[in-house]
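If you want our numbering, it's the position in the sequence shown, counting the first as 1, plus 429. Heads up, the beta-carbon is just placed ideally off N, CA and C, and yes, glycines get one too. Shown next, in structure tokens, is the structure this report addresses.
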Amino acid sequence: MIRPILIHPDPRLKKLCDPVQEITSDLRTLAADMLATMYDAPGIGLAAPQVGVTRRLIVMDCMKAPDAPRPLILFNPEVVWTSDTLHTYEEGCLSIPEQYADVQRPDKATVRWMDPEGATQEETFDGLWATCVQHEIDHLNGKLFIDYLGLMKRQLITRKMEKLKRERAREAR
Ligand code: NI
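Right under this line is the structure:
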């Protein structure tokens with residue numbers, strides 16, 4: 430099931446999300462819905478707060494290849510190591526449609542998480558995967574990519590999103 434994606438600004442996008450203690454069938458359904466929602470958007474990553482659930486869960490697939498997908502579901506993802514070398518990527522976000530800006534992050538990141546079967550996984554991501562996983566984990570801490578930008582640029586984007594939300598609310602009536 431495709432779920433509606435919250436658009437910034439929204440208080441649920443600013444929350445520190447709660448860890449998952451036990452992977453229930455509801456949470457597995459949520460993860461499957463999040464992947465469907467992400468592919469439909471289309472996007473390469475999605476965090477639970479973006480569909481209004483403030484739990485520590487992200488999904489991603491940076492293959493950008495419909496014939497060779499690599500859907501990943503990460504519960505309680507944690508960055509355990511980052512490289513000193515940085516990489517700049519023009520980021521976007523499904524909660525901030527059509528806005529892009531350069532963000533600098535470590536170009537490699539080792540992440541530990543729990544998979545849908547409850548097993549611990551660990552992987553060192555690089556390239557787009559590294560950017561994406563750090564961006565999505567930020568969401569679980571109430572942080573958006575625009576928080577890395579200067580105040581003026583952030584306010585400009587926030588005003589554009591407020592306008593977009595007003596227009597969408599009008600269309601929905
Ligand atoms: Ni995002």
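Measure the beta-carbon distance from residue i to residue j and round it to whole angstroms, keeping in mind my assumption that it falls under 8 Å.
i	j	result
T388	V509	For the chain, the structure presents residues 430 to 602; residue 388 sits outside this window and is missing.
L569	I487	7 Å
S520	T560	One point to set straight first is that residue 520 is Glu, not Ser, in the sequence displayed. Right, their Cβ atoms sit about 7 Å apart.
E507	R534	Actually they are not in contact, since the Cβ atoms of E507 and R534 sit about 16 Å apart, beyond 8 Å.
In or out: residue i buried (at least 16 other Cβ within 10 Å) or exposed?
i	result
D555	exposed
M581	exposed
P433	exposed
A476	buried
M430	exposed
D496	exposed
D599	Reading the sequence as shown, one finds Arg at residue 599 and not Asp. Counting Cβ neighbours within 10 Å, R599 comes out exposed, since fewer than 16 surround it.
R602	exposed
L515	exposed
R597	exposed
Q563	buried
E565	buried
Considering Cα atoms alone, identify which of the options is closest to residue i.
i	options	result
P448	D439, M430, P478	P478
I452	I473, T549, L442, Q528	T549
D490	I502, R484, I473	I473
K493	W558, E527, K582, C446	W558
T553	D531, S512, T483, P526	S512
L503	E600, K594, D496, A461	A461
L464	P526, T517, E520, L501	L501
D604	D439, I525, C446, H437	Nothing can be reported for residue 604: it is not among the residues displayed for the chain, which extend from 430 to 602.
K444	R485, T517, K594	R485
What are the residues that DSSP puts in a beta bridge with residue i?
i	result
C522	I525
V540	V508, E552
D531	E519
I502	V488
D447	R484
L474	It should be pointed out that residue 474 corresponds to Gly in this sequence rather than to Leu. The partner list for G474 (beta bridge, DSSP) reads M489.
* Asked: Three or more C-beta pairs closer than 8 Å, one from the region 535–545 and one from the region 450–464: is that the case here?
  -> A contact exists between the region 535–545 and the region 450–464.
* To do: Would you be able to state if there are at least three C-beta pairs under 8 Å between the region 573–592 and the region 530–538?
  => Enough Cβ pairs lie closer than 8 Å, so yes.
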